[in-house]
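Numbering (this note's numbering), first residue to last: 391 to 985.
Quick reminder that beta carbons are idealized off the backbone N, C-alpha and C, glycines included.
For reference, the structure is listed below as structure tokens.
Printed below as a string of structure tokens:
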């Protein structure tokens, strides 16, 4: 060890460095020329080349002027880092009526034992944080696949990215979502939190619901206070109660978990999992669905009271799905005089039952899917707003089988909000809320016109990868009618959205949407036009997301990854017969996400 190497094991050395800075601060406020000059080492030079002698002359000329006693250096957040014989103090805040900033002072101990400054520069620590944030933001912004008006995670890779805890509360829509990080020393799941007044512009809140937070919902307890029922990893299902109206502060109940305690001989012992819950209040009773292959209902007179199983969730099975199909992310609500149970199975993706909740069981009457070719439409979550609307979201996977695209430093996309209603046929009706209209600009109208059999008609003046289309058409003799979006001029890249009249299916064909390594499927949803009914396609294109709504009776969402910058065209097509387009309206959609 050389004579000038600093022994940093002693806190007194750090104290001496900070004491030198405090003495300089005092000399500055007192107008003490010698004290200010003595703070600097003989080797010091300012960024403009000023020497120690120059500084003394400059300060002496000012000695008869007014002293800036309000100018001060603040060390409250400063850290001292040693590198050989240099001590870097950063950040040092300058407070002055004539200007301020954050700086790094680099100090050395000279032969007389005093610590003196060898250089002053802008704070590296403050710059580093800002530069890291800018670097990540620019990296995310450089991703041509990042949606602009579908709700996306602000940063990082979330796996899973389930929406949770949706509630309309005191004039705002609140939505939570699962994400992961290591802030607590190990990788754990937390709930991020966003709120909005218009369903498209969202503000992120501080993260309060930390560690082990998994799927759940939000409801009002007996006192009318927002309450979260969620799965607490490693413990079981649990409750948390809001402490403020911004829903920033929450208290997890000391009585958690709410999982009923059973023992041998109990009729419910060993039957159920403490898994994805859904909680609600009904009269004086608190209920919770416990998900799994044999979902259960639990109940208690109080949130923090004794919870007991009421029994199986399902009173009986229903045609089209096995009674033991996995029920996760459950969401039970009343709609159109019936009860709807939204949920997923990990195998099938998003789906729903329609029936009745009575006698502490759900009596299903029908079952339908919202994802068909794979499980890419996943983890539904809904709320009831002040306008009487039931609005849902779902997580749209980057790729099937929980594939994530992480090159640009993020992964996590939600569907557009869907306003749900119930048709006379017992199936859901789905529309995008009217608030989307505030994002429209550059309207183009076309039609009426005829699309000859087996031909495509380019829509001149309609192009882009952030679009909304409203197409009303019919083709009594045609086998397929629809539109192609994100189409290259030569047709090598395109996404086809159409009605298959023979099979009575709504289809989205992504087999030519992008390069070979991107998802390539034909998603086909049950959908039939009534005699004389026109096809009404409501299509949304948002970079890597395509969502289509057909006559408000069916909807499909898919991810696409075009590789060509000219894959922005729109064409209308018909197969095996002419089609008549009564009207086509198109708008560009301005991004609502901050980045």
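What is the rounded straight-line gap between the Cα of residue i and the Cα of residue j?
i: residue 403; j: residue 472; result: 10 Å
i: residue 879; j: residue 957; result: 7 Å
i: residue 773; j: residue 780; result: 6 Å
i: residue 611; j: residue 723; result: 16 Å
i: residue 860; j: residue 573; result: 46 Å
i: residue 854; j: residue 933; result: 9 Å
i: residue 743; j: residue 529; result: 42 Å
i: residue 989; j: residue 782; result: Outside the shown range of the chain (391 to 985) lies residue 989, about which nothing can therefore be said.
i: residue 438; j: residue 445; result: 12 Å
i: residue 895; j: residue 960; result: 21 Å
i: residue 658; j: residue 682; result: 15 Å
i: residue 525; j: residue 954; result: 25 Å
i: residue 392; j: residue 414; result: Here the model assigns residue 392 a pLDDT of 37, short of 50, so the residue's position is not dependable, and the following value carries that caveat. About 29 Å.
i: residue 453; j: residue 798; result: 56 Å
i: residue 984; j: residue 562; result: 18 Å
i: residue 975; j: residue 921; result: 24 Å
i: residue 504; j: residue 498; result: 8 Å
i: residue 735; j: residue 800; result: 25 Å
i: residue 507; j: residue 410; result: 9 Å
i: residue 968; j: residue 638; result: 57 Å
i: residue 753; j: residue 763; result: 27 Å
i: residue 467; j: residue 461; result: 18 Å
i: residue 946; j: residue 940; result: 9 Å
i: residue 394; j: residue 487; result: Because the pLDDT at residue 394 is just 41, under 50, the model does not fix this residue reliably, and the point stays unresolved.
i: residue 888; j: residue 514; result: 56 Å
i: residue 731; j: residue 751; result: 12 Å
i: residue 396; j: residue 665; result: The pLDDT assigned to residue 396 is 46, lower than 50, so where the model puts this residue is not dependable; a value taken from the coordinates is nonetheless given after this. About 57 Å.
i: residue 553; j: residue 918; result: 31 Å
Find the nearest neighbour of residue i within the set the options, judged by alpha-carbon distance.
i: residue 667; options: 814, 719 and 826; result: 719
i: residue 906; options: 920, 924, 882 and 925; result: 882
i: residue 543; options: 565, 663, 602 and 558; result: 565
i: residue 776; options: 606, 560, 755 and 769; result: 560
i: residue 970; options: 792, 873, 511 and 613; result: 873
i: residue 555; options: 609, 815 and 801; result: 609
i: residue 491; options: 516, 619, 980 and 531; result: 516
i: residue 494; options: 484, 507, 508 and 512; result: 512
i: residue 679; options: 695, 694, 693 and 699; result: 699
i: residue 1020; options: 488, 903 and 865; result: Any answer about residue 1020 is impossible in this case: the structure gives the chain only from 391 up to 985.
i: residue 431; options: 911, 919, 474 and 496; result: 496
i: residue 938; options: 821, 464 and 567; result: 821
i: residue 791; options: 909, 928, 412 and 435; result: 909
i: residue 674; options: 664, 661, 655 and 695; result: 695
Pull up the DSSP beta-bridge partners for residue i, would you.
i: residue 603; result: 622
i: residue 632; result: 640
i: residue 646; result: In DSSP, residue 646 forms no bridge with anything.
i: residue 771; result: 783
i: residue 676; result: 671 and 690
i: residue 890; result: 870 and 895
i: residue 545; result: Paired residue(s): none; residue 545 is not in a bridge.
i: residue 830; result: 979
i: residue 659; result: Answer is none; residue 659 lacks a bridge partner.
i: residue 743; result: 731 and 757
Below 8 Å on the Cβ atoms is my contact criterion, and I expect residue i with residue j to pass it. Report the Cβ-Cβ distance as a whole number of Å.
i: residue 926; j: residue 884; result: So it is not a contact: roughly 22 Å between Cβ atoms.
i: residue 717; j: residue 733; result: 5 Å
i: residue 630; j: residue 618; result: 4 Å
i: residue 982; j: residue 591; result: 5 Å
i: residue 684; j: residue 702; result: 7 Å
Applying the criterion that 16 or more other CB atoms from any shown protein chain within 10 Å of the CB defines a buried residue, is residue i buried or exposed?
i: residue 977; result: buried
i: residue 522; result: exposed
i: residue 535; result: buried
i: residue 451; result: exposed
i: residue 622; result: buried
i: residue 642; result: buried
i: residue 587; result: exposed
i: residue 838; result: exposed
i: residue 897; result: buried
i: residue 691; result: exposed
i: residue 868; result: buried
i: residue 689; result: buried
i: residue 943; result: buried
i: residue 771; result: buried
i: residue 448; result: exposed
i: residue 550; result: buried
i: residue 651; result: exposed
i: residue 899; result: buried
Does the beta carbon of residue i sit closer than 9 Å to a beta carbon anywhere in chain C?
i: residue 569; result: The chain labelled as chain C is not found in the depicted structure, where only one protein chain is given.
What I want to know is whether the C-beta of residue i ends up closer than 8 Å to one or more non-hydrogen atoms of the ligand SAH.
i: residue 766; result: This structure lacks the ligand SAH; in fact it carries no ligand of any kind.
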